[in-house]
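Data first, discussion second: the structure below is written as structure tokens.
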Amino acid sequence: MNAMIAGYRSPDMYCVVIAEGALDTILNFCAAIMASEPLFRFLSEGIDPVDEMKPPERSRREAWMHISAEADSRVTDENMVRSFLLTFIASHFLMAHEIGHLAGGHLPLYTGSFTAEADGSGRPNLAERRTLERDADALAAGATSYLVGNPDFVASWGDVLKEREAGMRYFLTTAYIFFSVMDLFGPEDPFAVERTHPPALVRVGVMSKMVSLLLDNFGGCTKDEAWELARRSIRAAEIAVMELGGGMMTAEEAALLHADLERSLKEHANLWPALSARLDRGHLEKYWWSQGLR
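The sequence shown begins at 8 in the working numbering and counts up one residue at a time.
This is the structure we're talking about:
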């Protein structure tokens, strides 16, 4: 478990608990993967890396695990500095996801003093839980998009956030890396068991298309533009993993995940109207950037 919401006896007091090990794992992996110069150029300058089409030495999962296992040997002072923004965004998103459960009105659907993904008591059914997780992802993506687009934040990271799309490239790439690293602690086959959180590509794809509703309200990008930026971010990360770990996603894996992405979007569209009617969305009024996600 990476994070959870702890409830106290006071109905208005909650505490978001984040596992220290989760952030350490992400920090080490981000520092290792930033040894890839093409990935760094993509993030800071928007230059798409070139796939050299080399035959893989490992499966995608083995390559990600290899980089994670060898992270300490790849970390340099320069890579660590480069990874700070990735790690900052990952920790912000993780916190915002849990707050999204609170602000989105999800907690009344659960029972007990703790709302934890490992606790199955009094929970909505699996499809409903997936829908709530997608909603929390969308709210967290909205909060993180607002963060990386804030002029003061951009100015403070001006050495890497050099143009308009840089913040979203960093966010979507970070999200894909974060979700992929967390997947390493799950089943080897992403479809072996039904999960509340889908595989990384699916999760980033759904999130990017949902948050495009918010971005479009503020003159940002459309659904197709958001997915295209997510696709480029996923591709850049995969090429970096091939460079450093010797393996990447196969065409067959990508096709299965794209099909699952479409299923996830349809499931959400079918379940959300009835499920959202059971939620108190009043807290979202405190977050003006959440227009379109209420």
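Glycine included, each C-beta is placed from N, C-alpha and C at the ideal position. All values derive from a computational prediction rather than experimental measurement.
Tell me whether residue i is buried or exposed, calling it buried when 16 or more other Cβ atoms sit within 10 Å of its Cβ.
i, result
"V209", "buried"
"I54", "exposed"
"D60", "Sequence inspection shows Met at residue 60; the Asp mentioned does not correspond to that position. M60 comes out exposed."
"V188", "buried"
"A125", "For A125, the predicted structure reports a pLDDT of 48, less than 50, and the residue's modelled location is therefore unreliable. The matter cannot be settled from this model."
"R270", "exposed"
"F47", "buried"
"R171", "exposed"
"A29", "buried"
"E77", "exposed"
"A276", "exposed"
"V88", "exposed"
"N157", "exposed"
"F185", "buried"
"A173", "buried"
"A262", "exposed"
"D159", "exposed"
"A143", "buried"
Whose C-beta lies closer than 8 Å to the C-beta of residue i among residues of the same chain, with five residues either side of it excluded?
i, result
"E195", "R68"
"M255", "P63, R67, A70, E245, I246, V248, M249"
"N35", "S75, A78, D79, V82"
Residues in its own chain within less than 6 Å of residue i by CB, not counting five upstream and five downstream?
i, result
"M217", "A145"
"L211", "Note on identity: in this sequence residue 211 is Val, with Leu being the wrong assignment. So the qualifying residues of the chain are A182, Y183, A237."
"P56", "P45, F49, A243, I246"
"A150", "A103"
"A148", "M214, V218"
"E64", "G253"
"D267", "V209"
"H73", "G252"
"N86", "A38, M41, A42"
So which of the options has the shortest CA-CA distance to residue i?
i, options, result
"S90", "E44, M255, V213, L236", "E44"
"L50", "L139, F178, N35", "F178"
"T257", "D58, R130, L101, L168", "D58"
"S75", "M214, E64, D159, L191", "L191"
"V23", "L263, T32, P205, L101", "L101"
"G289", "S66, G111, I25", "G111"
"W279", "P131, T32, E135", "E135"
"E201", "L251, N132, G156, N35", "N132"
"E260", "L222, P206, T138", "P206"
"E274", "L251, R130, R137, E52", "R137"
"L291", "H113, L154, I33", "H113"
"L264", "I25, Y117, F198", "F198"
"I241", "G193, V155, M175, L220", "M175"
"L154", "E235, L168, A143", "L168"
"L92", "I33, L116, R239", "I33"
"Y294", "E235, D31, L221", "L221"
Ignore the nearest five residues each way along the sequence and tell me which others in residue i's own chain have a CB closer than 7 Å to its CB.
i, result
"A281", "none"
"H204", "E140, R210"
"R130", "Y117, R136"
>> Three or more C-beta pairs under 8 Å: does that hold for the stretch 274-293 against the stretch 96-107?
In response: no
> For the stretch 154-217, which segments carrying the beta strand (DSSP E) assignment without a break, of at least 3 residues, lie completely within its bounds, in sequence order?
Replying inline: none
> Per the contact definition of three or more C-beta pairs closer than 8 Å, is the stretch 181-197 in contact with the stretch 91-102?
Replying inline: The stretch 91-102 makes contact with the stretch 181-197, as at least three CB pairs between them are under 8 Å.
> Taking one C-beta from the stretch 229-248 and one from the stretch 154-167 each time, how about it: are there three or more such pairs within less than 8 Å?
Replying inline: no
> Looking at C-beta atoms only, is the number of pairs between the stretch 72-90 and the stretch 34-41 that lie closer than 8 Å three or more?
Replying inline: yes
>> Extract the residue ranges of the beta strand (DSSP E) inside the stretch 243-282, only unbroken runs of 3 or more that lie entirely within it.
In response: none
> Unbroken alpha helix (DSSP H) runs of length 4 or more, entirely within the stretch 73-135: which are they?
Replying inline: 78-81, 84-110
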